[in-house]
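Novice: Pasting a structure below so you can have a look.
Protein chains: 2
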Amino acid sequence: MVRKKPITSSRGLFEDKARIIKALAHPSRLLMIDALASGEKCVCELQELVGSDITTVSKHLAVMKRAGIVEDRKDGLWVHYRLKVPCILRFFDCIDIVLENEREAGKPSGPARRGACLAEKPNCRKR
Amino acid sequence: MVRKKPITSSRGLFEDKARIIKALAHPSRLLMIDALASGEKCVCELQELVGSDITTVSKHLAVMKRAGIVEDRKDGLWVHYRLKVPCILRFFDCIDIVLENEREAGKPSGPARRGACLAEKPNCRKR
DNA sequence: TCGTTATTTGGTAAAATAACCAAATAGTTG
DNA sequence: CAACTATTTGGTTATTTTACCAAATAACGA
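Note that the protein sequences, when read in sequence, are chains R and V.
Read left to right, the first sequence gives residues 1 to 127 (our numbering).
Read left to right, the second sequence gives residues 128 to 254 (our numbering).
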C-alpha cells in the first residue's frame, strides 16, 4: 500500500521528484525518450537522431539513467538504452493538452483578442 | 555554445514540451502544484507554504502560468492561482514509481549490496 | 598485441535558472 | 488623494545546466 501523501511539507520528497522531472526537461532527452518508446536503441542511433555531438548525447543519457528513467545494456561495442519507466509516456499526452490549450488561446478568432485589456488580464499594460 | 540545427522537423515540438516540463522541474513549484490540487490559493498562502521570499514565489508562479500549467484570478488585492491542467497530477504517480524503484535498488537487503561493485553498477567506483 | 570502433569522462566556457532586495504597480479604505 | 496591502517587475549575483573538444576506457578483430 502506497501512502499517497507522506508527511506534509516533506521538502525532500519534492526535491527528489524535481530531480527526476529535470531529467526529462530537455528537448533532446524528450526526443530520445520518444524514440525509445518503440524499443531500445544504441547510443549511435540516438546520436544520429538528435544530431548533437556524441559526448553530449552520452551525457544526456547518463542524466536520464541516473534519474532512473532509462537503463542500459552492453552488447559488444554497443550500449543499448531502453525505457525503464514506460508510464512516463502517458504523461506526454498531458503535455500535449497544455500545448493544445496554448494553441487555442493564441487563435485570432477567440474572444478578448482585440482591445480587451482589462485589469484581469495579466498582460494588460493600459495605464 | 553552439546550438545545432534540428534534424527532424518535429524538433520544435519537443522544445515546446521541454519548456512545459521545465516549468514543473522545481521543488517549490511541485509543492505549490500539490497544494493547488485541493483548490485555488492566493499568492500569500503559497508563499507561506514554500517559505521563500514572496518575489521568488511570484516568479515561480509566473513561470508556471506562462507554461499554461496554472491560471490566476484577481480578487481585490489578492491573486488566486489554480491548476489549469489537472492531468499533471496523474503524472506524479509515475514519478513516484521511479522513486520507488530507486528506493528498492538502494535497499541494503537486496543483492549486490556489499562488494559487488561491478561494471554494470552506475555507482561503482572501482578502477 | 595493435589498430579500430563505440562510448564515457574531464575540462572549459556560454547560457539559463534562481534567489533576494528595491522599487513599481494595482487595488483597497478612509 | 494619501496611506496601506498584495503582488509583480527589474536588477544583481551565485549556481546549475549545456555543448563541445580532448583524452580515457572498453570491446572487438587481425
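Don't be surprised by glycine CBs; every beta carbon is placed ideally from N, CA and C.
Does R/I20 come within less than 8 Å of chain V when only Cβ atoms are used?
Specialist: As a working mapping, residue 20 of chain R is identified with position 20 in the first sequence. True, the Cβ-Cβ gap to chain V drops below 8 Å.
Novice: Given a cut-off of 8 Å, decide if R/V43 and R/V63 are closer than it, judged by their beta-carbon atoms.
Specialist: Numbered from its first residue, the first sequence carries residue 63 of chain R at position 63. Numbered from its first residue, the first sequence carries residue 43 of chain R at position 43. No, the pair does not count as a contact, with Cβ atoms beyond the cut-off.
Novice: Does the contact criterion of 3 or more C-beta pairs under 8 Å hold for the stretch 69 to 78 of chain R versus the stretch 171 to 181 of chain V?
Specialist: Result no; under three Cβ-Cβ pairs closer than 8 Å.
Novice: Counting only the same chain and skipping the five closest in sequence on each side, list residues whose C-beta sits under 7 Å from that of V/R146.
Specialist: Within the second sequence, the letter at position 19 stands for residue 146 of chain V. So the qualifying residues of the chain are A194.
Novice: Helix or strand or just coil, what does DSSP make of V/E142?
Specialist: Position 15 of the second sequence, counted from the start, is the residue given in the question as residue 142 of chain V. Residue state, collapsed to three classes: helix.
Novice: Assuming R/I95 contacts V/K186 (C-beta within less than 8 Å), just tell me the rounded distance between them.
Specialist: Position 95 of the first sequence holds residue 95 of chain R. Position 59 of the second sequence holds residue 186 of chain V. Incorrect: roughly 22 Å between the Cβ atoms, too far for contact.
Novice: As a quick exercise: from R/R11, R/L13, R/H26, R/L36, pick the residue whose alpha carbon is nearest that of R/C87.
Specialist: The residue you call residue 87 of chain R lines up with position 87 of the first sequence. When only C-alpha atoms are compared, the closest one is R/L36.
Novice: Against chain V, with Cβ distances strictly below 8 Å, would R/R15 count as a contact?
Specialist: Counting from one through the first sequence, the residue named residue 15 of chain R turns up at place 15. Note on identity: in this sequence residue 15 of chain R is Glu, with Arg being the wrong assignment. R/E15 counts as touching chain V.
Novice: State the beta-bridge partners of R/S26 as determined by DSSP.
Specialist: Position 26 of the first sequence, counted from the first residue, corresponds to residue 26 of chain R. It should be pointed out that residue 26 of chain R corresponds to His in this sequence rather than to Ser. Paired residues: none, contrary to the question.
Novice: Skipping 5 residues on each side, what residues in its chain have a beta carbon closer than 8 Å to that of R/K65?
Specialist: The sequence position of residue 65 of chain R within the first sequence is 65, counting from 1. Excluding sequence neighbours, R/K65 sits near E71, D72, Y81.
Novice: Residues of the stretch 61 to 91 of chain R with a CB closer than 8 Å to any CB of chain V: list them in chain order, please.
Specialist: So the close ones are K65, R66, A67, G68, I69, K74, K84, V85, C87, I88, R90, F91.
Novice: With R/D93 as the anchor, note down where its alpha helix (DSSP H) starts and where it stops.
Specialist: Taking the first residue of the first sequence as position 1, residue 93 of chain R is located at position 93. Element bounds for R/D93: 87 to 105.
Novice: Which residues of chain R have a Cβ atom closer than 9 Å to the Cβ of V/E229, listed in chain order?
Specialist: As a working note, residue 229 of chain V is residue 102 in the second sequence. Going along chain R in sequence order, the residues near V/E229 (Cβ under 9 Å) are D16, I20, A67, G68.
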